[in-house]
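Visitor:
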Amino acid sequence: MLPCGMPGHLDDPKSTTEQASYEAVQRVMEAVKGEENVIDLGPSAEQSSTRALVPLPARRSRELPDPEPPDREIRRGDVDPWGRSERVRSIARRMYDPLYRYWFRVQWEGIEHIPTESGALLVSNHAGAIPSDAPAIMHGIETQLGRPVYGLAEYLFRDLPAIGTLWSRAGGVTAHPDNAYRLLKEDQQLVLVFPEGAKGTGKLYKDRYRLARFGRGGFVEIAMRAGVPIIPIAVVGAEESMPILFKSKRLANLLGIPYAPITANMLMFGPLGGLAYLPAKFRIRVLEPIHFTAEPDQERYSRARVMDASEMIRERIQEALYDMLRSRRSTWW
Amino acid sequence: MRVLVTGLGTFWGSRLAQALEQFDDVEVIVGLDTNEPRLPLERTEFVRADSDYSILQRIVKATKVDTILHTHLLVDSTENSNRRMHEVNVIGTMNLLAAAGAAGSTVRKLIVKSSTLIYGAGKRDPYFFREEMERTTPPHTEVERSLLETSAFVRDFAVDNPHVVVTKLRFSNALGDDITSPFARSLSLPVVPEILGFDPRLQFVHEEDITGALIFATRNDIPGVYNVAGRGTMPWSEICEVVGKRRIPLPPFFTNWAAEPLRMTRVVDLPPEVLDLLRYGRVVDTRAYRRAGFEYKYTTAATVNAFARSLRLESVVGDSNPSYRYERDVETFFRHSPAIIREGNE
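In structure tokens:
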């Protein structure tokens with residue numbers, strides 16, 4: 001069992017609303033402590049919301065999985081229905097491996113928590129102007145467990161020529177709720193998601209390792225609906241690999257991108273620093289899986305329930321990060 | 334069963350009528366179009382009529398048809414003007430449905446051949462469109478607008494006429510020996526256009542499966558909307574490779590302008606909705622129709638393969654299908670002259 005203490009900002013609740021959220025978290029934590037990571041917050045009907053958090057069109061229940069048709073022998077390529085190509089992925093792994101091994105020197109902890117067969121939603125913190133955590137997590141799992149990981153990301157990628165295609169071949173999928181559901185439930189795949197999104201990668205160096213808001217908790221609802229566990233992952237090192245010192249709002253608006261950063265790398269290496277990472281030591285800790293007792297495939301789930309679980313997962317990752325930082329002697333070694 | 338087929342002058346309509354003629358319990362097949370049938374037909378009655386309401390109502394009433402196969406929705410914007418697409422798709426469907434829903438109508442089944450163009454193609458799209466999903470981008474071409482409007486008419490018709498089985502089939506991009514579509518034409522070029530840096534996931538349906546799907550809906554009562562596309566997906570680069578063509582890139586920015594010279598020189602016409610497909614692709618979920626019982630003959634990969642084979646033959650011997658020309662007097666003679674000895678009818 002992991003330490004489940006409260007992080008700083010929740011330590012002295014100031015207002016009644018904070019008190020309430022504090023208690024909600026506390027309740028979840030206790031529920032979790034009690035019975036082996038199974039969350040059950042009572043009947044959902046009592047506190048049900050009016051609308052699903054993540055609107056998914058009505059789905060006929062007991063949908064049969066739709067495996068790829070057996071025409072391997074008449075296909076030329078190996079691009080799967082999601083656009084991922086194992087061939088491209090293995091080339092990418094070969095190229096990335098030295099970086100993974102000798103630059104970031106990635107160290108894993110608790111990788112046995114990741115299932116070797118069934119679907120699971122991997123939830124991690126997100127950092128670095130050009131996030132370096134997603135490739136490291138995907139590379140580590142694919143080399144150690146030998147199964148693919150699909151990374152959910154912004155719609156932005158689908159608009160980028162060449163980069164978008166490479167991203168898709170390497171296992172990137174746009175974060176549409178239906179895509180996530182299909183991957184998890186019907187294809188039983190591993191799906192990696194960063195609920196912080198661009199708020200996580202776009203944060204300044206001074207805010208490092210402080211988790212941003214976890215969206216609206218949509219990832220929890222999808223895991224509940226797909227009936228798969230959530231596996232929280234805490235990554236230390238990505239923040240220092242490409243820290244953002246300043247951000248230009250005007251430039252970001254001009255270019256139509258989420259944020260336009262000036263990174264430490266740019267100051268050190270000049271224009272090359274746009275791409276070159278600093279050799280921060282990566283530590284990745286996989287936390288215990290969280291199973292939900294909620295019935296899968298419901299039209300909607302209680303918002304309170306979803307937000308409680310989302311907040312609890314955020315707290316766990318935050319706590320794991322603080323724990324890992326406490327024992328970290330050097331950023332680089 | 335008495336059947337009315339709209340769009341007999343299109344490839345689909347003719348092919349469908351040919352297939353319907355094989356069934357003994359299909360007593361009457363009436364085909365409507367302003368163009369002549371494309372294939373030889375044995376007992377289908379061809380009526381050259383446009384989609385005028387009074388004519389349609391008279392035909393529906395007089396022939397007492399119980400099934401209408403509405404295949405006359407134009408989806409190829411390279412061969413039809415915007416004006417014509419609006420007239421045929423929107424006004425034609427409106428009149429047809431009005432005739433089918435008129436008081437005393439004997440129509441009990443309506444099957445509409447629509448297109449997956451209705452979903453559009455954009456970056457916010459789900460990777461697999463199911464029937465109940467809406468498009469994520471507003472329609473920006475006439476063909477998409479007219480299909481959406483038509484779809485609303487059909488939905489209203491189904492609500493107003495609960496005693497009629499309404500089946501709407503949305504077909505993916507078609508490929509086959511006998512069919513022309515922007516994709517088929519592009520793949521027949523010496524070099525095939527692509528958008529630089531984009532390699533979309535696409536899906537195709539074989540022409541045999543198109544007729545098969547329409548016949549299946551005619552023979553079974555399956556109300557609802559269904560996607561029809563070959564199983565599986567293929568990226569555009571692989572499709573070009575299977576067909577054995579080199580690709581020529583169009584710029585990823587201002588693509589529509591860059592396609593203009595190709596259009597003007599009549600090399601290939603890539604309308605905006607096809608350019609969207611070459612950028613983002615589109616894949617639909619095909620499970621619903623399979624669950625309803627339809628069995629496909631071709632997957633997407635098999636469709637592309639079959640198309641590649643027919644292209645290879647064509648490059649050697651030219652068009653291998655004997656061409657057919659409708660001769661009104663000859664057809665009337667064969668159908669109605671007492672000089673013809675008809676077997677089985679005596």
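For the record, the sequence lines run as chains A and B.
160 is the number that the working numbering gives to position 160 of the first sequence; each next residue is one higher, with no gaps.
451 is the number that the working numbering gives to position 118 of the second sequence; each next residue is one higher, with no gaps.
Think of the CB as a built atom: it goes at the ideal place given N, C-alpha and C, for glycine as much as any other residue.
Since the structure is predicted, the reported quantities are computational estimates derived from the model, not experimental observations.
According to DSSP, is B/Asp489 part of a helix, a strand, or is it coil?
Guide: The answer is helix: DSSP assigns B/Asp489 an H, G or I state.
Visitor: Distance, Cα to Cα, A/Glu239 vs A/Arg208?
Guide: 6 Å
Visitor: Given A/Gly172, which residues of its chain have a CB within under 7 Å of its CB, disregarding the five upstream and five downstream residues?
Guide: Shown here for A/Gly172: same chain residues with a beta carbon closer than 7 Å to its own, the five before and five after excluded, namely Gly151, Ala153, Phe157 in chain order.
Visitor: So, at 6 Å on beta carbons, what are the nonlocal neighbours of A/Lys185 in its own chain, with the 5 sequence-adjacent residues on each side left out?
Guide: Ala226
Visitor: Could you name the residues of the segment 447–476 of chain B whose beta carbon sits closer than 7 Å to any beta carbon of chain A, in the order they occur along the chain?
Guide: Lys456, Arg457, Pro459, Tyr460, Phe461, Arg463, Glu465, Met466
Visitor: Please name the residue, chosen from B/Ser387, B/Leu349, B/Ile388, that lies closest to B/Thr377 on a Cα-to-Cα basis.
Guide: B/Leu349
Visitor: Would you decide whether B/Pro523 is buried or exposed? Buried here means 16 or more other CB atoms lie within 10 Å of its CB.
Guide: exposed
Visitor: So is A/His139 buried or exposed if we call it buried at 16+ other beta carbons inside 10 Å?
Guide: buried
Visitor: Excluding the five sequence neighbours on either side, which residues of its own chain have a C-beta within less than 8 Å of the C-beta of B/Asn638, listed in chain order?
Guide: Val575
Visitor: Comparing the C-beta of A/His291 with each C-beta of chain B, is any distance below 7 Å?
Guide: no
Visitor: Check whether the Cβ of B/Thr426 lies closer than 7 Å to any Cβ atom in chain A.
Guide: no
Visitor: Are the C-beta of B/Pro370 and some C-beta of chain A separated by less than 7 Å?
Guide: no
Visitor: Using a Cβ-Cβ distance under 7 Å, would A/Val193 count as near chain B?
Guide: no
Visitor: Under 7 Å Cβ-Cβ, which residues of chain B neighbour A/Gly376?
Guide: Residue 376 of chain A is absent from the structure shown; chain A starts at 1 and stops at 333.
Visitor: Going by Cα to Cα distance, which pick from A/Ile141, A/Ala252, A/Lys247 is closest to A/Thr263?
Guide: A/Lys247
Visitor: Is any beta-carbon of chain B found at less than 7 Å from that of A/Ala162?
Guide: With 7 Å as the cut-off, A/Ala162 counts as an interface residue toward chain B.
Visitor: Shortest alpha-carbon distance to A/Asp78 belongs to which of B/Pro568, B/Leu402, B/Ser643, B/Thr619?
Guide: Distances from the CA of A/Asp78 to each of B/Pro568, B/Leu402, B/Ser643, B/Thr619 were compared; the closest alpha carbon is that of B/Pro568.
Visitor: Is B/Glu660 helix, strand or coil when you go by DSSP?
Guide: coil
Visitor: Taking CB distances under 7 Å as the criterion, tell me whether B/Arg564 reaches chain A.
Guide: yes
Visitor: I'd like to know if A/Asn179 contacts chain B, where contact means its C-beta is closer than 7 Å to some C-beta of that chain.
Guide: yes
Visitor: Pull up the distance between the alpha-carbon of A/Pro115 and that of A/Ile290, whole angstroms please.
Guide: 12 Å
Visitor: In terms of DSSP beta bridges, what is A/His279 paired with?
Guide: One detail in the question is off: residue 279 of chain A reads as Pro in this sequence, not His. According to DSSP, which records beta bridges pairwise, A/Pro279 is partnered with nothing at all.
Visitor: Expressed to the nearest angstrom, what Euclidean distance is found between the alpha-carbon atoms of A/Leu325 and A/Thr331?
Guide: In this structure, the CA atom of A/Leu325 is about 9 Å from the CA atom of A/Thr331.
Visitor: So what's B/Thr400 in DSSP terms, helix, strand or just coil?
Guide: Reduced to three states, the DSSP call for B/Thr400 is strand.
Visitor: Which residues in chain B have a C-beta closer than 8 Å to the C-beta of A/Trp82? List them in chain order.
Guide: Tyr460
Visitor: Using a Cβ-Cβ cutoff of less than 7 Å, which residues in the same chain neighbour B/Leu481 once the five nearest sequence positions on both sides are dropped?
Guide: Ile451, Pro472
Visitor: Pop quiz: B/Val498 and B/Arg552 are said to be a contact at Cβ under 8 Å. What is the actual Cβ separation, rounded to whole angstroms?
Guide: Not a contact, Cβ separation roughly 12 Å.
Visitor: Flag A/Ile379 as yes if its beta-carbon sits less than 7 Å from any beta-carbon of chain B, otherwise no.
Guide: Chain A is shown from 1 up to 333; residue 379 of chain A falls before or after that span and cannot be answered.
Visitor: Select from B/Phe379, B/His539, B/Ser347 the residue whose C-alpha is nearest the C-alpha of B/Arg665.
Guide: At residue 665 of chain B the sequence reads Thr, which differs from the Arg that was named. Residue B/Phe379 is the option with its Cα nearest to B/Thr665.
Visitor: Roughly how many whole angstroms lie between the Cα atoms of A/Leu337 and A/Ala127?
Guide: Because chain A in this structure spans residues 1 to 333, residue 337 of chain A falls outside the shown range and cannot be described.
Visitor: Please list the segments of the beta strand (DSSP E) lying wholly inside the segment 233–259 of chain A, counting only runs of 3 or more residues, in order along the chain.
Guide: 244–247
Visitor: Where does A/Asp323 fall in DSSP's three states?
Guide: Judged by DSSP in its simplified three-state form, A/Asp323 adopts helix.
Visitor: Are A/Val193 and A/Val123 closer than 7 Å when you measure CB to CB?
Guide: yes
Visitor: Using a C-beta cutoff of 7 Å, does A/Glu68 count as contacting chain B?
Guide: yes
Visitor: So what's B/Arg534 in DSSP terms, helix, strand or just coil?
Guide: strand
Visitor: May I ask you to report which of helix, strand or coil DSSP gives B/Arg391?
Guide: helix
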